[in-house]
Amino acid sequence: MMSLIVAIISSFVAVYAGAIMINAPKKFLIPAGIGGLICWIAYFLLLPITGMLANFYASLLVALYSQLMARVYKTPVTMFFIPGFLPIVPGLAIFRCVYFYISGNAIKFNQYLSETIQIATLIALAIFIIDALFKSNKRIASLYKNQKK
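Residue 148 is where the sequence shown ends in numbering that gives the first Met the number 0, and the numbering goes up by one at each step.
Here it is in structure tokens:
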């Protein structure tokens, strides 16, 4: 239980620091940190149940949160996207991929390359789905508003 609390606090601090690194204004630091916190909690809770799909579900939540916060704060969505995804970026898999490539271990290299590509694809797919839903919703609202006139 204590390790879960430490992991949650660490994810918030890491995302908060990531938001500072991309020069996010101070008023966005805590909401960005909360996005990373949501991402990590979702990933942590879903990983034993869904395996790699935990990346996808956590990404859906972060993408949704980022879109909503971008509208609340009237700022580009990337202000919340970039730091929000930090907890699930496959950094260790990328490191191992490069390590085994340099070591000449083709089997392990291919294993970690495949894992990295799968996780990156799941993250990108989640972003695409949420973005498409928000854009189509905006278009439908615009058409409805024009039809009422």
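Glycine is no exception: its CB is placed at the ideal position from the N, C-alpha and C atoms.
>> Pop quiz: Phe79 and Ala69 are said to be a contact at Cβ under 8 Å. What is the actual Cβ separation, rounded to whole angstroms?
In response: Their Cβ separation, rounded to whole angstroms, is 6 Å, which keeps Phe79 and Ala69 in contact under 8 Å.
> Exposed or buried, what is Val5 when buried is set at 16 or more other beta-carbons lying within 10 Å of its beta-carbon?
Replying inline: Within 10 angstroms of the beta-carbon of Val5 lie fewer than 16 other beta-carbons, which makes it exposed.
>> So the candidates are Leu67, Tyr42 and Ile81; which of them puts its Cα closest to the Cα of Tyr56?
In response: Measuring from the Cα of Tyr56, the nearest candidate turns out to be Tyr42.
>> Using only CA atoms, which one of Ile40, Thr115, Ala18 and Gly83 lies nearest to Ser2?
In response: Of the candidates Ile40, Thr115, Ala18 and Gly83, the one whose C-alpha sits nearest the C-alpha of Ser2 is Ile40.
> Going by other Cβ atoms of all chains shown within 10 Å of its Cβ, with 16 needed for buried, is Val61 buried or exposed?
Replying inline: Looking at its Cβ environment, which holds 16 or more other Cβ atoms inside 10 Å, Val61 is buried.
> If we ignore side chains and look at the alpha-carbon of each, how far apart do Phe108 and Thr115 end up?
Replying inline: The alpha-carbon of Phe108 is positioned some 10 Å away from that of Thr115.
>> Helix, strand or coil for Val88? Go by DSSP, reduced to three states.
In response: In this structure, DSSP gives Val88 a state outside helix and strand, which the three-state scheme calls coil.
> With contact counted as at least three CB pairs below 8 Å, one residue from each stretch, are the region 80-87 and the region 22-39 in contact?
Replying inline: Contact holds: three or more Cβ-Cβ distances are below 8 Å.
>> Tell me the DSSP secondary structure of Thr74 in three-state form.
In response: Residue state, collapsed to three classes: coil.
> Taking DSSP as the reference, what is the three-state secondary structure of Met20?
Replying inline: Assigned with DSSP and collapsed to three states, Met20 falls in helix.
> Considering only residues of the same chain and omitting the five flanking positions on each side of Leu52, which have a CB-CB separation below 8 Å?
Replying inline: Excluding residues within five positions, the ones whose Cβ falls inside 8 Å are Leu45 and Leu121.
> Roughly how many whole angstroms lie between the Cα atoms of Ser149 and Ile139?
Replying inline: What the structure shows of the chain is the stretch from 0 to 148, and residue 149 is not part of that stretch, so it cannot be assessed.
> Looking only at its own chain, which residues have a Cβ that is under 8 Å from the Cβ of Gly17, when we skip the five neighbours before and after it?
Replying inline: Beyond the five residues adjoining it in sequence on each side, Gly17 comes within less than 8 Å, by CB distance, of Ala31, Gly35, Ile81, Pro82 and Leu85 in the same chain, given in chain order.
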